[in-house]
Amino acid sequence: MTDDLHIACLGAHGGGDGAVIIVGTGFSALSVVNGVAHTIGAHGFMMGETCSGAHIGFAAVNAALLAYDRLGEETLLAELLARELGGEGLMLANALAGATADRYAALAPVVFEAAKRGDVVAGRILREVAAFIDRVAQHLLERKPPRLSLVGGIGERIVPWLAPDIAVQLLPAAAPAEVGAIHLAREGTAPAPTSIPETGTA
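Per the numbering used here, residue 1031 is the first one in the sequence shown, and the count goes up by one each step.
Set out below in structure tokens:
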């Protein structure tokens, strides 16, 4: 009948209009206003996911390997990832050979920990993530949705890094996606709103 992004938006806003940014393992965003939907993201692992948990983890590994080869800045990420994965350099790379988005996303907390401890490289990664979310939020807000929520495993942790004028407009999700499915079921077989993909936003 619809997709998980639409259901998440319905749950977040009590079955009504609104906008949602999902930042977990992956990234997607949707606004629904007067039956018209505008989507951003949802392209898949490493495709326009500048703020996903998978992207954060991948960026951390990349920074750690560059530091190990002395081609990038020294960073606490190298130490923390070596501890997490049981080795550095080629051992670290081998540990992630063929890794999925979930595997990289599981490393995202390491970046938040390093940034909390003052690591410059980790802080830069999170600022880039937050700046991207700011841009996404601005695009959604231009549609004049009555509510905007940021959800997902990364969502709550990245809020302090967002621009104050964006963070202040975020409202807690009313309910999870499962409740959105209930709202849809109660509507019967109503189709999902017409979706108009955004362009030039990622």
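Quick reminder that beta carbons are idealized off the backbone N, C-alpha and C, glycines included. Computed from a prediction, not measured in an experiment: that's the story for all the values here.
Check                                                                                                    : Outcome
When Phe1075, Val1141 and Ile1184 are compared against Ile1163, the one with the closest alpha-carbon    : Ile1184
Contact check, Leu1156 vs Ile1051, beta carbons under 9 Å                                                : no
Whole-angstrom distance between Leu1192 and Gly1046, CA atom to CA atom                                  : 26 Å
Straight-line gap, Gln1168 to Val1159 (C-alpha atoms, nearest Å)                                         : 14 Å
Close Cβ partners of Thr1105 (< 6 Å) along its chain, the five nearest in sequence each way excluded     : Ala1093, Ala1097, Asp1149 and Val1151
Pair within 9 Å by beta-carbon distance, Ala1072 and Ser1061                                             : no
Nearest to Glu1135 (by Cα), restricted to the options Glu1172, Ile1086, Asp1099 and Val1166              : Here the sequence assigns Ala to residue 1135, which means Glu is not the residue at that position. Closest by alpha carbon: Ile1086.
Whole-number beta carbon distance between Arg1177 and Gly1048, since they are thought to touch under 8 Å : 4 Å
C-alpha distance - Ala1211 paired with His1043, whole-angstrom precision                                 : Summary for Ala1211: the model assigns pLDDT 48, below 50, so the residue's position carries little reliability; its value from the coordinates is reported in the next sentence. Taking the straight line from one Cα to the other gives about 12 Å.
Where Gly1041 sits in the DSSP three-state scheme                                                        : helix
Inter-residue Cα distance where the pair is Leu1040 and Gly1182                                          : 15 Å
Segments assigned alpha helix (DSSP H), at least 4 residues, entirely inside the region 1035 to 1103     : 1083 to 1098
Nearest to Cys1081 (by Cα), restricted to the options Ile1196, Ala1138, Lys1174 and Ile1037              : Ala1138
Backbone secondary structure at Leu1178 - three-state DSSP                                               : strand
Distance CB(Leu1180)-CB(Val1063) smaller than 9 Å                                                        : no
Contact under 9 Å by Cβ, Ala1144 with Leu1107                                                            : yes
Ile1188 - DSSP class collapsed to helix/strand/coil                                                      : helix
Pair within 9 Å by beta-carbon distance, Gly1056 and Ala1084                                             : yes
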